[in-house]
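Numbering (my numbering), first residue to last: 1 to 98.
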Amino acid sequence: MNIFEENHTKMFLKSILTLKTEEEVMAFLEDIMTTKEILDISQRLAVAKMLREKEVYSKISKETGASSATISRVNRCCLYGAGGYKTVLDRLDNLEDK
1 MNIFEENHTK MFLKSILTLK TEEEVMAFLE DIMTTKEILD ISQRLAVAKM
51 LREKEVYSKI SKETGASSAT ISRVNRCCLY GAGGYKTVLD RLDNLEDK
């Protein structure tokens, strides 16, 4: 089963694409997610960035608070996943270069 083929999931993805400003994104995420969910996703992105920078698990865990299981899962996604982390991190790098 592909979760991205579900009607509710499609609506969620389309709703994200409608957001135009950082303020709109923050308001939407605050309404739709718990604080913990936002922090967990933010932590995973920070872990992915540090893995990309070739940081060791112990440093990543210390700086992000992520467990070794979370770091390992993010690493698997970075290496064998759909490429989402790479796309986002590449685009963030491009924003920082400007």
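From the three backbone atoms N, C-alpha and C, an ideal C-beta is built for every residue, glycine too.
For residue i versus residue j, is the C-beta spacing smaller than 9 Å?
i	j	result
arginine 52	tyrosine 85	yes
leucine 19	phenylalanine 12	no
tyrosine 57	serine 68	yes
Use the C-beta contact count for residue i: other C-beta atoms within 10 angstroms, 16 or more gives buried, fewer gives exposed.
i	result
valine 47	buried
isoleucine 60	buried
methionine 50	buried
valine 25	exposed
threonine 34	exposed
alanine 82	exposed
Near residue i, which residues of its chain fall below 8 Å by C-beta distance, leaving aside the five closest residues on each side in sequence?
i	result
threonine 70	Gln43, Arg44, Val47
Sorted by chain position, which residues of the same chain lie with C-beta nearer than 6 Å to residue i's C-beta, five sequence neighbours on each side aside?
i	result
threonine 64	Gln43, Ala46, Val47
Report back the beta-carbon spacing between residue i and residue j to the nearest angstrom; my notes put them in contact at under 8 Å.
i	j	result
isoleucine 3	threonine 9	5 Å
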